[in-house]
Each structure stands twice: as C-alpha cells, then as structure tokens.
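The numbers in the numbering used here rise by one with no breaks, and the one at position 18 of the sequence shown is 20. Glycine is no exception: its CB is placed at the ideal position from the N, C-alpha and C atoms. Owing to the predicted nature of the structure, the values given are computational and were not obtained by experimental measurement.
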Amino acid sequence: MRVFANYDTCVASGNCGRIAPAVFRNLAEHEGFVSLVTDHPPAAEWPAVRQAQQLCPSGTIFLDETTRAEGEPR
Ligand code: SF4
3 MRVFANYDTC
13 VASGNCGRIA
23 PAVFRNLAEH
33 EGFVSLVTDH
43 PPAAEWPAVR
53 QAQQLCPSGT
63 IFLDETTRAE
73 GEPR
C-alpha cells in the first residue's frame, strides 16, 4: 500500500491523525494540516489507514493498494 495526501484540500480536521497516528499526523506547527509519517505503512496499519481515508471529510487521502514495498505481503 502507498499513501498519498493532497495537501491543497486538507481542512485540518485531525481525523486521520487520531485514527492512524502511526501514518498521519496533524502537527500544531502546521496548524493541524496533515503530514505523513510514512507513505508505505506496514500491513498492520492498513485497516486504520483505510478507515482514515473513509472518514476524511475532504477526500484528501488516496491509497494505491497495488503498490507493494519490499517485504509487504502479496
Ligand atoms: S482527515 Fe483529511 S481533512 Fe482531516 S486532517 Fe486528515 S487529511 Fe486533512
């Protein structure tokens, strides 16, 4: 899985960082706008990442489920 965020559409709701803090963060110094901890999260994080995408109010998060990093399950 590869994660993308469209920084132009983020509305700084903070949902993603609450749901999947190992992948998304909403730093105070960035006024709560999203940044990625990693764009290749481990498989254990995928359910939370998918939930964060579904609950993002601005459609900012995109997932490429076809991209696999070395070591990711097939
Ligand atoms: S859930 Fe969406 S709108 Fe809210 S901070 Fe994360 S990327 Fe931005």
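Problem set entry | Own chain, CB closer than 6 Å to GLY19, minus 5 neighbours either side, in chain order | So the list reads PHE26, ARG27 and ASN28, once near-sequence residues are dropped.
Problem set entry | For ligand 1, residues whose Cβ lies under 7 Å from any non-hydrogen atom | Residues close to ligand 1 by the beta carbon criterion (under 7 Å to any non-hydrogen atom) are, from first to last along the chain, ALA7, CYS12, VAL13, ALA14, SER15, GLY16, ASN17, CYS18, GLY19, PHE26, ASN28, GLY34, PHE35, VAL36, ALA54, LEU57, CYS58, PRO59, SER60, THR62 and ILE63.
For this session: For LEU38, I'd like the list of residues in its chain whose CB is within less than 7 Å of its CB, leaving aside the five on either flank, ordered along the chain.
Result: The residues are VAL5, ALA7, VAL25 and PHE26.
Problem set entry | Beta-carbon proximity check, ALA22 vs ALA46, cutoff 7 Å | With contacts defined as CB atoms closer than 7 Å, ALA22 and ALA46 fail to qualify as a contacting pair.
For this session: Could you give the DSSP three-state label for LEU77: helix, strand or coil?
Result: Because the chain spans 3 through 76 in this model, residue 77 falls outside it and cannot be assessed.
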